[in-house]
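So the sequence shown is numbered by the working numbering: it starts at 140 and just counts up by one.
All C-beta atoms, glycine included, are put in the ideal place defined by N, C-alpha and C.
Note sheet for the following structure.
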Amino acid sequence: MARIYANLIIKKLRTIEQVPKMFKDATLKILKQDGYDGYGEPLA
140 MARIYANLII KKLRTIEQVP KMFKDATLKI LKQDGYDGYG EPLA
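In structure tokens:
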């Protein structure tokens, strides 16, 4: 589920605030590995 939420954030269909609490940490970890923040913006 965390990967699904990460993909939705990358596609700008969700933000990290819309991710259920139980998936937030895992989703943020995936986003960071992929080079994105919690809003789908690339990390500098």
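Separation of residue j from residue i, as counted between CA atoms
i: ASP176; j: LYS160; result: 17 angstroms
i: ILE155; j: GLN172; result: 15 angstroms
i: GLN157; j: ILE148; result: 9 angstroms
i: PHE162; j: LYS168; result: 10 angstroms
i: ALA165; j: ARG142; result: 8 angstroms
Sheet register partners of residue i (DSSP bridge)
i: TYR175; result: PRO181
Residue burial classification, residue i (beta-carbon count within 10 angstroms, cutoff 16)
i: ALA183; result: exposed
i: TYR144; result: buried
i: LEU152; result: exposed
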